[in-house]
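Going by our numbering, the sequence shown opens with residue 133, and the numbers climb by one from there. No residue lacks a Cβ here, since even glycine has one placed at the ideal position from N, Cα and C. One structure below.
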Amino acid sequence: MSAVAATLYGVGVGPGRPELLTLEAVRVVGRAPVVAVPATGAEGAGLALSVVESVVDLSEKEIMELAFPMTRDEAVRRGARRAAAGRIASRLREPSDVAFLTLGDPLFYSTFGYMAALVREMAPETEVKVVPGVTSISACAAAAGAVLVEGRESMAVIADPRDTEGLKEALERFDTVAVMKLKGAAREVALVIEEAGLAESAVFVERAGWPGERVLRDVGALAEGDEADYFSIVIVKRSGF
133 MSAVAATLYG VGVGPGRPEL LTLEAVRVVG RAPVVAVPAT GAEGAGLALS
183 VVESVVDLSE KEIMELAFPM TRDEAVRRGA RRAAAGRIAS RLREPSDVAF
233 LTLGDPLFYS TFGYMAALVR EMAPETEVKV VPGVTSISAC AAAAGAVLVE
283 GRESMAVIAD PRDTEGLKEA LERFDTVAVM KLKGAAREVA LVIEEAGLAE
333 SAVFVERAGW PGERVLRDVG ALAEGDEADY FSIVIVKRSG F
């Protein structure tokens with residue numbers, strides 16, 4: 133007799149505004165008895181949860197906070213992922229559906245991809261479904277009124293702002309380049325952009341759609357040492373905005 137399969141949902145809650153939640157996200161979270169939320173120390177857990185709880189009644193649900201340390205130690209990160217996946221798998225085996233909340237989109241620089249792979253390993257009978265969400269890059273472009281790409285233009289995304297050589301190469305090869313998570317590296321990124329002669333073709337967006345949103349069309353302030361939030365992106369378009 134085959135086991136009854138529960139479903140793990142990766143639910144993208146968008147960039148942080150409840151208005152940008154999809155109807156499917158609201159429906160899935162509303163029906164799931166367990167809501168899993170990654171806790172990274174960068175406001176991610178509290179923000180993802182607050183976005184949803186302003187729309188969905190979570191009072192009768194189990195809220196499972198999962199620790200994901202913000203460290204460059206890959207062994208620590210792997211251990212945290214496996215521990216989190218184990219907790220999720222234990223609920224799925226009951227069986228109870230689990231909605232895993234993630235800022236932005238579950239398949240775009242999200243912890244969910246790791247979770248899905250590990251859960252499939254631990255509980256092979258589990259069904260995995262994804263509810264897409266608005267990405268941070270889309271939200272930042274909208275806040276700045278900036279067209280990302282059109283026609284045959286190409287685009288690159290740099291997830292490690294400290295990779296200055298990778299950024300230099302991307303600025304030479306692609307029509308549009310987006311650099312994410314600038315905290316602690318904004319000055320270095322801005323200097324590379326200036327050296328490439330693209331300072332006037334760049335826009336910096338911080339905390340798009342939230343209180344304290346900031347949009348700068350001159351990266352000079354960043355090159356001079358202006359600090360950037362973790363939730364920040366700089367977008368460079370060779371043809372300008």
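**Item:** Assigned secondary structure, LYS369 (DSSP; H/G/I helix, E/B strand, else coil)
**Value:** strand
**Request:** Starting from MET312, follow its DSSP beta bridges and name the residues at the other end.
**Result:** ILE365
**Three-way DSSP call (helix, strand, coil) for ALA231 in this model** = strand
**Prompt:** Using 8 Å as the limit for Cβ to Cβ distance, is LYS369 near chain B?
**Reply:** Of the protein chains in this structure there is only one, and it is not chain B.
**Prompt:** In the DSSP assignment, what are the bridge partners of GLY146?
**Reply:** GLY236
**Item:** For VAL351 and PRO201, the rounded distance between their alpha carbons
**Value:** 30 Å
**Prompt:** In chain order, what residues of the same chain have a beta carbon less than 7 Å from the beta carbon of TRP342, not counting five sequence neighbours either side?
**Reply:** GLY148
**Request:** Can you give me the Cβ contacts of THR234 inside the same chain, cut-off strictly under 8 Å, excluding the 5 residues immediately before and after it?
**Result:** GLY142, VAL143, GLY144, VAL145, PRO170, ALA180, SER242, THR243, PHE244 and GLY265
**Prompt:** Would the stretch 268-276 and the stretch 247-259 be scored as touching if the rule is three or more Cβ pairs under 8 Å?
**Reply:** no
**Item:** Local conformation of VAL251 per DSSP, three classes
**Value:** helix
**Message:** Between the alpha carbons of LEU155 and GLU338, how many angstroms are there, rounded?
**Reply:** 26 Å
**Message:** Taking the straight line between their C-alpha atoms, what separation do you get for VAL311 and LEU323?
**Reply:** 13 Å
**Request:** Mind reading off the beta-carbon distance from ARG252 to ASP307? Whole number of angstroms is fine, and I expect it under 8 Å.
**Result:** Wrong, their Cβ atoms sit about 37 Å apart, outside the cutoff.
**Asked** By a C-beta neighbour count over all protein chains shown, 10 Å radius and 16 as the cutoff for buried, is ARG163 buried or exposed?
**Response** exposed
**Asked** Rounded to a whole number of angstroms, what is the C-alpha to C-alpha distance between GLU345 and ARG225?
**Response** 42 Å
**Prompt:** Do ALA199 and ALA217 have their C-beta atoms within less than 8 Å of each other?
**Reply:** no
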